[in-house]
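Peer 1: Got a structure for you, written out below as structure tokens; questions coming shortly.
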Amino acid sequence: MSQKPVTVLLFSSLRELVGQDTISFELAGPGMPASAVLDSLCERYPEIRAYRKFIRLAVNDCYVEGHAGVEPGDELALITPVSGG
Amino acid sequence: MGGPNEQRPNAIDDRVAESIKSLDAPSDPNGVPVIRRDEERWVELTNDKLDVAAADRFLRDRLAGGIVLFVGTTREWTGERQTELLSYEAHVRMAFREMNVLVDKARGKWPAMRVCLLHRLGRVDVTEASVVVGVACAHRADAYDASRFLIDTLKEDVPIWKKELFADGQSEWVNDPLSE
């Protein structure tokens, strides 16, 4: 049964390196840990893998720990070190 | 405007001109400006020039005896390196949310009458403001501390990124851990 995908949001360096600002991601199952989603993205995208240890995760506009569950339809943002101001 | 521009010491080369052109494209599909403004708080993300005088007017309050306004601007020279402009992008909804969280935290820690936190996105030319942080308190010590907290924490946590375009045609994302 197909479920709603997760929308992965990319910004700055990652957006440029991957060449797109979103990735549609099919969860292995509801509540899949955010860090597991990131691991899976790293397998598919070497550009993301290079940044793996610097990335903070945010689900639906809030920072989360890696063990936080991701649900179908969520937005998962990959936040590389920020530089506002 | 003609004449004076021809006096520029370093005419920008074609590559920079091309990069700049791409920055002029509508840059934010996720909807700026976003703004929350009431009597005590003004938080905004916008593509427009920031109005420091308007921030000053907003911060005036009968109960405030000290206003601190911090204005972050695009610096042309960093050592020997010349910057042409900065370009900012954001996870807009999350940045706006985080900025409001920061204001909540500042107001919880310091007795601020009024707080403003404004950030510009897109292209920001040399000397123009990218960020305005303003705090009005009864006394200056609280206003200084709260404004320092706001800008320092914004730089750590709010999902906004700046790209620096140099006069020599190179560019880089600031704080990118993999750029040299």
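Those protein sequence lines, which keep their order, are chains A and B.
To convert, take the position in the first sequence, counting from 1, and add 1; that gives the working numbering.
To convert, take the position in the second sequence, counting from 1, and add 43; that gives the working numbering.
Just so it is clear, CB atoms sit at the ideal spot from N, CA and C, and this is done for glycine as well.
Quick caveat: nothing in here was measured; it's all calculated off a predicted structure.
Between B:L193 and B:V167, how many whole angstroms is the CB-CB distance? I'm expecting something under 8 angstroms.
Peer 2: Residue mapping note: residue 193 of chain B aligns to position 150 of the second sequence, counting from 1. Residue mapping note: residue 167 of chain B aligns to position 124 of the second sequence, counting from 1. Incorrect: roughly 19 angstroms between the Cβ atoms, too far for contact.
Peer 1: B:D195 bridges to which residues according to DSSP?
Peer 2: On the second sequence, residue 195 of chain B is found 152 positions in, with the first residue counted as 1. DSSP lists no partner for B:D195.
Peer 1: Strictly below 8 angstroms CB to CB, what residues from chain A border B:K198?
Peer 2: Position 155 of the second sequence holds residue 198 of chain B. In chain order: V83, S84, G85 and G86.
Peer 1: Please check if any C-beta of chain B sits within less than 8 angstroms of the C-beta of A:A51.
Peer 2: Numbered from 1 along the first sequence, position 50 holds the residue referred to as residue 51 of chain A. A:A51 counts as touching chain B.
Peer 1: Is the beta carbon of B:V158 less than 8 angstroms from the beta carbon of B:F113?
Peer 2: In the second sequence, residue 158 of chain B corresponds to position 115, counting from 1. In the second sequence, residue 113 of chain B corresponds to position 70, counting from 1. Not in contact: B:V158 and B:F113 (Cβ atoms no closer than 8 angstroms).
Peer 1: Which whole-angstrom value is the C-beta distance of B:V135 and B:L88, which I expect to be below 8 angstroms?
Peer 2: Taking the second sequence and counting its residues from 1, one reaches residue 135 of chain B at position 92. Taking the second sequence and counting its residues from 1, one reaches residue 88 of chain B at position 45. Contact holds; Cβ gap of about 6 angstroms.
Peer 1: Classify B:G115 as helix, strand or coil using the three-state DSSP reduction.
Peer 2: Walking along the second sequence from the start, residue 115 of chain B turns up at place 72. Looking at B:G115 - three-state DSSP - the assignment turns out to be strand.
Peer 1: Ordered along the chain, which non-local residues of its own chain (more than five positions away) have a Cβ less than 7 angstroms from that of B:Q125?
Peer 2: Mapped onto the second sequence, residue 125 of chain B falls at position 82. So the qualifying residues of the chain are N53, E119, F209 and A210.
Peer 1: Return the chain-ordered list of same chain residues with a C-beta closer than 8 angstroms to the C-beta of A:E48, the five sequence neighbours on each side being excluded.
Peer 2: In the first sequence, counting from the first residue as 1, residue 48 of chain A sits at position 47. Hits under 8 angstroms: L15, L18 and V19.
Peer 1: To the nearest whole angstrom, what separates the beta carbons of B:D219 and A:T23, a pair I think is in contact under 8 angstroms?
Peer 2: The residue given as residue 219 of chain B occupies position 176 in the second sequence. The residue given as residue 23 of chain A occupies position 22 in the first sequence. Rounded, the Cβ-Cβ distance is 20 angstroms, inconsistent with contact.
Peer 1: Ignore the nearest five residues each way along the sequence and tell me which others in B:L161's own chain have a CB closer than 6 angstroms to its CB.
Peer 2: Here residue 161 of chain B is taken as the residue at index 118 of the second sequence, counted from 1. Within the same chain, B:L161 has close Cβ partners E87, L93 and V175.
Peer 1: Using beta-carbon positions only, say whether B:R183 and B:G74 come within less than 8 angstroms of one another.
Peer 2: Looking up residue 183 of chain B in the second sequence gives position 140. Looking up residue 74 of chain B in the second sequence gives position 31. Not in contact: B:R183 and B:G74 (Cβ atoms no closer than 8 angstroms).
Peer 1: Would A:D75 and A:V7 qualify as a contact pair, given that the criterion is a beta-carbon distance under 8 angstroms?
Peer 2: Here residue 75 of chain A refers to the residue found at position 74 of the first sequence. Here residue 7 of chain A refers to the residue found at position 6 of the first sequence. Closer than 8 angstroms, so yes.
Peer 1: Hey, out of B:W85, B:K152 and B:R84, whose CA is closest to B:Y187's CA?
Peer 2: Against the second sequence, residue 187 of chain B aligns to sequence position 144. Considering only alpha carbons, the answer is B:K152.
Peer 1: Less than 8 angstroms between CB atoms is the rule here; does A:I24 satisfy it with respect to chain B?
Peer 2: The residue labelled residue 24 of chain A in the question sits at position 23 within the first sequence. No, A:I24 lies away from the interface with chain B (no Cβ there is under 8 angstroms from its Cβ).
Peer 1: For B:S173, tell me which candidate among B:E132, B:E82 and B:A181 has the shortest Cα-Cα distance.
Peer 2: Residue 173 of chain B sits at position 130 when you count from the first residue of the second sequence. Minimum Cα distance to B:S173 is reached at B:E132.
Peer 1: Between A:L10 and chain B, is there a C-beta pair that is closer than 8 angstroms?
Peer 2: Within the first sequence, residue 10 of chain A is the residue found at index 9, counting from 1. Chain B contact via Cβ: present.
Peer 1: Can you find the residues in the same chain that come closer than 6 angstroms, C-beta to C-beta, to B:A179, ignoring five residues on each side of it along the sequence?
Peer 2: Reading the second sequence from its first residue, position 136 is the one you call residue 179 of chain B. Only L102, D104, A107, I110, M156 and R157 meet the Cβ criterion.
Peer 1: In angstroms with no decimal places, state the Cα-to-Cα distance between A:R57 and B:M142.
Peer 2: One-based indexing of the first sequence puts residue 57 of chain A at position 56. One-based indexing of the second sequence puts residue 142 of chain B at position 99. Their backbone Cα atoms lie some 17 angstroms apart in a straight line.
Peer 1: Return the Cβ separation of B:L164 and B:N90 in integer angstroms, given the expectation that the two are a contact with Cβ distance under 8 angstroms.
Peer 2: Reading the second sequence from its first residue, position 121 is the one you call residue 164 of chain B. Reading the second sequence from its first residue, position 47 is the one you call residue 90 of chain B. B:L164 to B:N90, Cβ: 6 angstroms. Contact.
Peer 1: Closer than 7 angstroms, Cβ to any Cβ of chain B: which residues of the segment 53-67 of chain A, in chain order?
Peer 2: From the segment 53-67 of chain A, only F55, A59 and D62 have a Cβ closer than 7 angstroms to chain B.
Peer 1: Which residues of chain E have a Cβ atom closer than 8 angstroms to the Cβ of A:S13, listed in chain order?
Peer 2: Protein chains in the displayed structure are A and B, and chain E is not among them.
Peer 1: Going by DSSP, name the residue or residues bridged to A:C63.
Peer 2: For the purposes of this step, residue 63 of chain A is identified with residue 62 of the first sequence, where counting begins at 1. According to DSSP, which records beta bridges pairwise, A:C63 is partnered with A:V60.
Peer 1: List the DSSP bridge partners of B:H162.
Peer 2: Taking the first residue of the second sequence as position 1, residue 162 of chain B is located at position 119. B:H162 pairs with B:L88 and B:V174.
Peer 1: Beta-carbon within less than 6 angstroms of B:G296's beta-carbon, same chain only, minus the 5 sequence neighbours each way: which residues are those?
Peer 2: As shown, chain B starts at 44 and ends at 223. That puts residue 296 of chain B outside it, with no answer to give.
Peer 1: Looking at the unbroken alpha helix (DSSP H) that takes in B:L221, where does it start and where does it end?
Peer 2: For the purposes of this step, residue 221 of chain B is identified with residue 178 of the second sequence, where counting begins at 1. Here B:L221 belongs to no alpha helix (DSSP H), and DSSP marks it neither H nor E.
Peer 1: Output needed for A:G30: all residues of its chain with C-beta closer than 6 angstroms, excluding positions within five of it in sequence on either side, in chain order.
Peer 2: Position 29 of the first sequence, counted from the start, is the residue given in the question as residue 30 of chain A. Here the set comprises nothing.
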